[in-house]
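The sequence shown begins at 262 in this note's numbering and counts up by one.
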Amino acid sequence: MSKIKLLDEDLINKIAAGEVIERPASVVKELIENSLDAGATRINIEIKDSGKKLIKISDNGSGMSSEDAKKSIIRHATSKISNVDDLFAIQTLGFRGEALASIAAVSKMSIITKQNNELEAFNFVVEGGKEISFGALGAETGTTIEIVDIFFNTPARKKFLKTDSVELRHIVDIVLRYALINENVSFRLKHDKHELLNSPAVENDRNNLASIYGTNLAKELLEVNYQDDLVKITGFIAKPFAARNDKNQQHLFVNKRWIRNEDITKAVYEGYHSLLFVGKHPVYVLNLDINPLKIDVNVHPAKTEIKIEQKKEIYDSVLKAVRGTLEKHNLIPVMDINIEEQLTFGTAKKENAEKNVKYRFESSKQEVLDIKKVNHSTSIDDFEEESHSTPEEEVFISKQKEENKIENLKLPAMKVLGQIHKTFFVAETEGGALFIDQHVVQERILYEKFMGQLMNKKVAVQELLQGEVMEFSPAEKIYLIDNLKKLHQLGFLLEEFGGNSFVLKTVPSLFGKLQPKDLLFTVIDKLKEGKSKLEEIQEEIITRMACRASVKAGDTMTIPEIQKLLEELSNCKLPYTCPHGRAVLIKVPVDELEKKFKRK
Ligand SMILES: Nc1ncnc2c1ncn2[C@@H]1O[C@H](COP(=O)(O)OP(=O)(O)OP(=O)(O)O)[C@@H](O)[C@H]1O
Ligand SMILES: [Mg+2]
């Protein structure tokens, strides 16, 4: 007897729904995508009981005819593609023709929809995929879809739902994503009696971000605008010091579709390379415009994964876009004394508490968002005229002054005032004071110089006249033999000397302050940590060597010495952090001080 049965349609639909509709947030995602595909500029979302009781989405999009409304819940019914060629040139968010069918299969659903040219709207009610009623009624152009009692007929799925707050967070995340990338669409999200998000349609994406993330973060954002033959990359990345402990504020879109993609994410991190503190994650909202023919969206029913034909090239473009943007800007963190106080004493003031409101838009604060104004308002010449410096306290002016335009200046003009605690330099600068960590300054300088030498395959070495005989353990010897060539490239020339001994003939001269042996052991320690390829850890080795060779906190330095060091720093590509992402310098603005002294 045959054991194989054909499943009935109801069961097929429930199985298929399992792939697309995992939780209330999946419904919200699919319905928002449909509204966007229908050209809506206003999307209102109302949720009750974290979506378990009600999900209601109304849009002012194109609406459907009565016939289409009925067809819309049939599996594999779509208005968005009609042949295989279309499938590989997707321009819309939806295309599989299964979202509404899946939602209808596991809920009680009502669709009210009206097209612009129709006189009346239609109301189509479905329960567990079966038609309950269909009739005409009065309504505005657009579509309103109400989902009640999700998973009422699939109790197993219902059981797996997480706590209300988790489900709600998923919903907020979804709405947020679409609000972030569609600045010309107004989004409102209401949960029970609370409005959780109100993101009006605005003209530019910076204001849109401010309305969603709040002005504090928005002013740390740098605009990305990059284009080559393959891809156009637009959006925002935050300065390294606005990095977070989690990855919640990272959003990648391809052709305005929110996606997950390891390669692109890696490229973004690589763009921040040596600027992020360990364990910190950059904040970014980036959209990649890629020719739809060159990507495949039909990878997974949730449509959040894509395949990219020119993966490697796109990786390079993203890296260039991020790196280029960071290199163009002044990345010095500005200290907000009030916020510091909040962090230290936990006494959140009301005004600051208000500043942190996440999802509200305060148009009065928009002027602070003009990053260019903040960064480049300082003209060196203006500042020179103002300052009355003695010859000893020469105003430090970057050598780049003559060569580069002011926009390219990495460090502002400053007058070095001295050193405090044998740890920090203090300098006066336009609009405030700079505090500079002397150890970190040198670390960055050494790191960039050495990386430069290494890239050009010209590591300057210092010969050890006598040669230094060093003895290693058998295990260490193996690492050494495997890596002699690489070590030579790094500036360490070693020759075998019988047994487990080697003679060290040269060391990289940049790190001359260190004892040669110390230096080599630093390198070998790294090798011993498990990774055997020197390329993989080369940079970390350099970072470590730079750290060990740098002036320490506690070294006294004269003003000319400090100036010389800062001049070298200004020639760095990214003079803002040590290679591990710790700040080189922090600015305390005068108006913060004035506030603190109650002068304002
Ligand atoms: N809000 C809406 N406004 C206008 N038409 C809609 C709306 N929602 C759905 N439709 C119509 O119903 C059809 C079916 O929607 P459904 O979401 O099931 O499939 P899809 O969007 O085509 O593909 P996918 O399954 O990938 O989302 C759509 O192709 C569209 O024509
Ligand atoms: Mg759809």
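A virtual CB, placed ideally from N, CA and C, is assigned to each residue, including glycine. Just so you know, these numbers come straight off a predicted model, no measurement behind them.
Please determine if the region 315-327 and the region 528-537 are in contact, where contact requires at least 3 C-beta pairs separated by less than 8 Å. Put simply, the region 315-327 does not touch the region 528-537. Fewer than three CB pairs are less than 8 Å apart.
Going along the chain, which unbroken runs of the alpha helix (DSSP H) with 4 or more residues stay wholly within the region 376-436? Counting only runs of 4 or more residues that sit fully inside the region 376-436, the alpha helix (DSSP H) segments are 416-420, in chain order.
Chain-order list of residues whose beta-carbon lies under 7 Å from that of Lys568 (same chain, five-residue window excluded): Counting only Cβ-Cβ distances below 7 Å, and skipping sequence neighbours, we find Ile556, Asp557 and Val560.
Does the Cβ-Cβ distance between Ala350 and Leu554 come in under 7 Å? Yes, the Cβ-Cβ distance between Ala350 and Leu554 is below 7 Å.
Taking 6 Å as the cut-off, is the C-beta of Leu361 nearer than that to any heavy atom in ligand 1? Yes - ligand 1 has a heavy atom lying nearer than 6 Å to the Cβ of Leu361.
Own chain, CB closer than 6 Å to Asn469, minus 5 neighbours either side, in chain order: Excluding residues within five positions, the ones whose Cβ falls inside 6 Å are Glu444 and Val463.
Run through DSSP, which three-state label would Thr838 get? If DSSP states are grouped into helix, strand and coil, Thr838 belongs with the strands.
Would you report the Cα separation of Ile706 and Arg430, rounded to the nearest angstrom? If you take the alpha carbons of Ile706 and Arg430, they lie about 44 Å apart.
Considering only heavy atoms of ligand 2, does any lie closer than 6 Å to the CB of Glu294? Yes.
Run the proximity test for Gly403: is its beta-carbon closer than 6 Å to any non-hydrogen atom belonging to ligand 2? It does not: the Cβ of Gly403 is nowhere closer than 6 Å to a heavy atom of ligand 2.
Under 8 Å by Cβ, that's how I've got Val289 and Ile435 pegged, so tell me the actual separation to the nearest angstrom. Correct: roughly 5 Å between the Cβ atoms.
Extent of the continuous alpha helix (DSSP H) to which Ala499 belongs: Looking at the DSSP string, Ala499 is not in any alpha helix (DSSP H); the run it does join, the beta strand (DSSP E), is Val492 to Ala499.
Counting along the chain, where does the beta strand (DSSP E) carrying Met731 start and finish? From DSSP, the beta strand (DSSP E) with Met731 extends over Val722 to Glu732.
Does the beta-carbon of Asn486 have 16 or more other beta-carbons within 10 angstroms, so that it is buried, or is it exposed? With fewer than 16 other Cβ atoms within 10 Å, it is exposed.
Examine ligand 2 and report whether any of its heavy atoms sits within less than 6 Å of the Cβ of Gly300. No, the Cβ of Gly300 stays beyond 6 Å of every heavy atom of ligand 2.
Three-state secondary structure (DSSP) of Ser659: Annotation note: pLDDT 39 at Ser659 (below 50); position unreliable, no value reported.
Mind checking who Ser340 pairs with in its DSSP beta bridge? Residue pairing by DSSP places Ser340 opposite no residue, since no beta bridge is assigned to it.
Whole alpha helix (DSSP H) elements within the region 540-609, 4-residue minimum: For the region 540-609, whole alpha helix (DSSP H) runs of length 4 or above, ordered along the chain, are 572-589 and 598-606.
From Ile847, Phe497, Tyr708 and Ala563, residue whose alpha carbon lies closest to that of Ala360: Selected option, being the one with the closest Cα: Ala563.
Below 7 Å between beta carbons: does that hold for Leu491 and Val702? In terms of Cβ geometry, Leu491 and Val702 do not form a close pair [threshold 7 Å].
Keeping to the same chain, check which residues put their C-beta closer than 6 Å to that of Lys848; ignore five residues upstream and five downstream. Ile593, Val595, Gly693 and Leu695.
Cβ-heavy atom distance, Thr565 to ligand 1, below 6 Å: At a cut-off of 6 Å, the beta-carbon of Thr565 does not count as near ligand 1: no heavy atom of the ligand is closer than that.
Pop quiz: Leu715 and Leu765 are said to be a contact at Cβ under 8 Å. What is the actual Cβ separation, rounded to whole angstroms? About 19 Å; that fails the 8 Å criterion.
Close Cβ partners of Lys317 (< 6 Å) along its chain, the five nearest in sequence each way excluded: Glu307 and Glu407, listed in sequence order.
For Gly607, count neighbouring Cβ atoms within 10 angstroms of its own Cβ and tell me buried if that reaches 16, exposed if not. Any reading at Gly607 must be qualified, since the residue scores a pLDDT of 27, below 50, and its modelled position is unreliable; the value itself is stated next. Residue environment for Gly607: exposed (fewer than 16 other C-beta atoms within 10 angstroms of its C-beta).
Is any heavy atom of ligand 1 found at a distance shorter than 6 Å from the C-beta of Arg438? Result no, Cβ not under 6 Å from ligand 1.
Beta-carbon proximity list for Leu482, same chain, < 6 Å, skipping 5 on both sides: Contacts found: Phe497 and Ala499.
Closer than 6 Å: Gly324 CB and nearest ligand 2 heavy atom: Remark: the C-beta of Gly324 is outside contact range of ligand 2, defined as less than 6 Å to any heavy atom.
Are the CB atoms of Thr767 and Val722 within a distance shorter than 7 Å? Val722 places its beta carbon less than 7 Å from that of Thr767.
Selection from Lys683, Asp410 and Pro777 that minimises the alpha carbon distance to Asp310: The shortest C-alpha separation from Asp310 is found at Asp410.
Please confirm whether any heavy atom of ligand 2 lies closer than 6 Å to the CB of Gly692. No heavy atom of ligand 2 is found nearer than 6 Å to the CB of Gly692.
Taking Thr415 and Val367 to be in contact with their CB atoms under 8 Å, please state how far apart those CB atoms are, rounded to whole angstroms. Between Thr415 and Val367 a beta carbon distance of about 5 Å is seen, short of the 8 Å cut, so the two are scored as contacting.
Start and end residues, beta strand (DSSP E) containing Lys766: Per DSSP, Lys766 belongs to the beta strand (DSSP E) from Ser762 to Pro769.
So, is Asn344 buried or exposed, given that buried needs 16 or more other C-beta atoms within 10 angstroms? Asn344 counts as exposed, since fewer than 16 other C-beta atoms from the protein chains shown sit within 10 angstroms of its C-beta.
Can we say the region 375-385 touches the region 292-302, given the rule of at least three CB pairs closer than 8 Å? Remark: fewer than three beta-carbon pairs, one from each stretch, lie closer than 8 Å, so the region 375-385 and the region 292-302 are not flagged as touching.
What residue from Pro769, Ala479 and Asp489 has the CA that sits closest to Phe502's CA? Checking every option, the nearest Cα to that of Phe502 belongs to Ala479.
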